[in-house]
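Everything on this sheet refers to the single structure shown next.
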Amino acid sequence: MASVQIKAAEGKPLLSDTGSAPAARNWKRIGVAAAAVAVAGASAYALLHFYEYACGGWAKTADIPATAGSIDTSFTVVQHANDRIIQTILADKPPTIGPFYDACLNATTTNVSVLQSHLAALDALSSKSDILAYAGQLYRSAGVASFLEMDVGVDPKNASVQVLTLVQGGWTLPTIEFYASPTNRALFTQYVTSWKNLLRWNASASDLWAFESALTAIAVPNAALRDPTATYNKMTPAALTSAAPFLSSYFKGAAIPLTAADPALLVMTPAFLTKQVALLNATSMATLRQYVGLRLVATIGRLVGEEPRRIDHAFAGVLGGLGDLPARDAFCRAETLASLPAFVGAAFQAAAFPDAVAAKTLIGDIEAAMTRLVETEPWLDDVTRSRSLEKIQAVRNFVGGPPTPPTTPVNMSPTDFLGNALAITQDELRTRLAQIGGPSDPTRWDLGSFEVEAYYDPSANKMVFPAGILQPPIFSATAQPMIANYARIGVVMGHELTHGFDDMGRLFDAHGQLTSWWTDSVAATFNVNAQCLQQQYDAFPIVSIDANKTLLGHLAYLAYAARQGLSTPMAREEGQLFFTSFAQGWWCQKRSDNLARVLMHTDPHSPGKWRLQGPLMNSPFFADAFQCPLGSFMNPKDKCVVW
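For the record, in the sequence shown the residue sitting at position 466 is 466 according to the UniProt record's numbering, with numbers rising by one throughout.
If you want it as structure tokens, here you go:
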């Protein structure tokens with residue numbers, strides 16, 4: 001079978017295609033390097049350093065692009081290929097997409113009058129309630145989140161109904177942890193100063209830093225937001241406005257009047273709102289005006305010209321671990337995808353994903369493997385086993401993209417980029433807010449079909465695999481061998497499925513209802529197993545890895561073996577092909593130091609090296625494939641297994 005040549009940016013090969021016969025010819029079947037020559041020319045190297053064994057040859061030649069913070073052998077490759085398809089779509093100027101993209105390309109002249117008019121209006125306000133109401137207006141008209149964040153979503157304990165959800169938020173840096181850094185404070189100060197000079201705005205960077213720092217000080221740690229039981233707090237409108245009176249003004253400005261007849265709200269972080277009352281009382285009106293103004297420019301400032309875009313990138317780009325300022329066309333492509341995901345997604349799906357049958361078949365194999373695992377796991381009792389099997393059967397799989405094309409929300413102007421972006425935001429908010437108290441939509445897609453992403457939603461018991469991720473070298477029904485598909489997208493499918501049975505997923509039943517459906521004894525055993533894994537990861541030489549967010553089972557391995565009619569463990573060379581394809585298809589990556597620091601706080605997954613080696617250290621199939629002696633680094637005597 002012909003090999004798949006994987007290319008990186010600038011035409012450099014990501015993976016070496018050299019090696020001694022006959023091994024190299026076998027490795028070429030999956031389009032990856034001969035692992036035996038990737039680093040040291042000896043398979044024994046894998047016993048100590050499997051990441052370097054699989055990725056070292058690539059890492060020596062791979063360069064991080066100037067406009068990016070990382071490069072890898074999976075997402076980067078697919079994203080580059082997808083971008084070329086999307087660029088062709090944009091060049092064809094289809095309805096809705098074409099005018100929006102063209103308006104962005106032509107909006108290079110800086111025009112800050114819209115921002116200045118809002119800042120002037122804020123300066124004219126004479127009471128805190130008026131400032132809060134104006135903040136609510138900016139939320140409704142421009143999606144500006146001040147003082148908190150809001151959304152409309154499924155009620156976790158009544159999955160058939162949608163509810164308005166409130167959660168802590170309203171700060172300018174990515175997460176609350178960023179406010180502990182003096183470096184970030186200096187960056188924040190420069191950011192405010194740049195806007196202050198451009199807008200002729202009377203703002204105090206020190207006062208704004210102090211207020212936002214105080215706001216994060218009353219927030220709960222991000223890890224606490226992962227507990228759906230602790231964050232499930234229903235409050236009536238009367239109780240909410242009694243506990244946090246400032247919300248009455250904010251909701252009034254956002255045209256969400258709270259009345260006793262309105263359905264209860266889901267308040268994920270009630271203490272954050274109640275503590276904010278004292279903070280707002282102690283903060284001057286001048287600082288509150290400036291804060292709402294800062295939230296405005298941080299949300300839409302990049303849209304009003306090239307100089308504002310440079311200011312935004314000098315701040316957000318550094319915080320996000322990105323590289324140089326992207327060219328205008330790349331910026332406009334990203335803005336078009338963000339504003340019109342359904343429209344671009346429909347065009348992408350038609351161009352790049354003609355058939356979902358093969359992907360759905362692979363998902364079915366993964367689910368069958370999980371079913372067999374559940375049927376035989378000794379730590380499950382009969383009650384939990386039965387409910388687990390019911391949940392697997394009930395999983396809904398979203399593959400490719402929505403079955404029907406989107407409808408045009410608003411007319412797009414070929415000359416008014418900011419107006420287009422705001423019109424789309426307003427239409428989306430109007431639509432979403434009108435759904436409060438209404439039925440949930442089980443067919444709703446939350447990602448554009450072009451996204452190189454996948455996820456499991458416990459509140460809907462669904463897995464989502466857009467067409468964007470179902471591309472080579474991650475997946476192809478025709479361009480690469482089956483073993484590569486199982487080792488790459490199959491592992492992702494297994495990973496997402498096990499999220500339905502991890503520390504969060506086990507709290508949602510087959511119908512997406514938040515309820516405790518495991519027996520106490522099974523839950524206790526799971527916690528012991530998960531703690532074993534966490535302790536193992538804590539020993540890795542890196543600052544912090546959350547093993548609960550890094551659980552990878554061997555479902556794809558079992559599914560491939562079953563599909564091929566192979567016994568397990570598979571023959572050694574077949575096993576080596578599988579695990580090397582898994583490694584080189586996903587976890588060979590390079591990150592800039594800046595991005596690595598950022599992702600420690602914002603990415604729920606561990607770095608590639610440990611996300612690869614951690615699970616494989618616990619895999620008896622990997623140990624058999626590479627003949628790792630018991631007690632060696634990649635085959636420890638004490639293993640930690642959850643699924």
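Backbone N, C-alpha and C define an ideal beta-carbon position, used for all residues, glycine too.
query, result
"With respect to the beta strand (DSSP E) encompassing Gly400, which residues constitute its N-terminal and C-terminal limits?", "396-400"
"Which of helix, strand or coil does DSSP assign to Arg29?", "Any reading at Arg29 must be qualified, since the residue scores a pLDDT of 44, below 50, and its modelled position is unreliable; no value is offered."
"What would DSSP say about Pro22, mapped onto helix, strand or coil?", "For Pro22, the predicted model reports a pLDDT of 36, less than 50, meaning its position is unreliable and no value from the coordinates is stated."
"Give me the Cβ distance between Gly321 and Ser592, rounded to the nearest whole Å; I'm assuming they're in contact under 8 Å.", "6 Å"
"Give a yes or no on whether the C-beta atoms belonging to Ile218 and Lys275 are separated by under 7 Å.", "yes"
"Can you tell me the Cβ-Cβ gap for Ser146 and Val292, rounded? I've got them flagged as a contact below 8 Å.", "5 Å"
"Give every residue of the same chain whose Cβ lies closer than 8 Å to the Cβ of Ala394, excluding the five residues on either side of it in the sequence, and list them in chain order.", "Asn461, Ala510, His511"
"With DSSP as the reference, identify every bridge partner of Val163, one or two as the case may be.", "Gly153"
"Just the Cα atoms here: how many angstroms apart are Phe633 and Thr216?", "41 Å"
"Look at the Cβ atom of Gln290, then the Cβ atom of Leu199, and state whether they are nearer than 7 Å.", "no"
"Just list the residues that DSSP pairs Lys406 with in beta bridges.", "One detail in the question is off: residue 406 reads as Pro in this sequence, not Lys. DSSP output for Pro406 lists no bridge partner at all."
"Just the C-alpha distance for Ile489 and Met504, rounded to the nearest angstrom, thanks.", "22 Å"
"What are the boundary residues of the alpha helix (DSSP H) that includes Ile311?", "306-312"
"Based on Cα-Cα distance, which residue from Thr96, Lys196, Thr73, Ser141 lies nearest to Pro308?", "Lys196"
"Output the residue ranges of the beta strand (DSSP E) runs that lie fully inside the region 435-501 and measure 3 residues or longer, sorted by chain position.", "455-457, 462-466"
"So the candidates are Val192, Phe348, Val277, Ala261; which of them puts its Cα closest to the Cα of residue 647?", "No answer is possible for residue 647: the residues shown for the chain start at 1 and end at 643."
"What is the DSSP secondary structure of Gln168, counted as helix, strand or coil?", "coil"
"Is Ala589 helix, strand or coil by DSSP?", "Residue identity differs from the one stated: residue 589 is Gln in this sequence, not Ala. Note: Gln589 maps to strand in three-state DSSP."
"Using a Cβ-Cβ cutoff of less than 8 Å, which residues in the same chain neighbour Leu187 once the five nearest sequence positions on both sides are dropped?", "Phe315, Val318, Leu319"
"Report, in whole angstroms, the separation of the C-beta atoms of Ser459 and Phe508, which I expect to be a contact under 8 Å.", "6 Å"
"Secondary structure at Val267, three-state DSSP: helix, strand or coil?", "strand"
"Rounded to whole angstroms, what's the CA-CA distance from Ser388 to Thr376? Just pull it up for me.", "12 Å"
"Is the number of C-beta pairs between the region 463-472 and the region 173-192 that are closer than 8 Å three or more?", "no"
"Exposed or buried, Thr425, counting other C-beta atoms within 10 Å across all chains shown (16 or more means buried)?", "buried"
"For Ala244, which residues from the same chain have a beta carbon less than 8 Å from its beta carbon, with the 5 sequence-adjacent residues on both sides left out?", "Leu273, Thr274, Gln276, Val277"
"Which of helix, strand or coil does DSSP assign to Ile71?", "strand"
"According to DSSP, which residues form a beta bridge with Leu296?", "Answer by DSSP bridge pairing: none, since Leu296 is not bridged."
"Using the C-alpha atoms, what's the distance from Pro156 back to Leu470?", "30 Å"
"Using a threshold of 7 Å, state whether the C-beta atoms of Gly136 and Tyr250 are closer than that.", "yes"
"CB Ala423 to CB Val410, shorter than 7 Å?", "yes"
"For the 8 Å Cβ check, are there 3 or more pairs between the region 65-72 and the region 583-590?", "yes"
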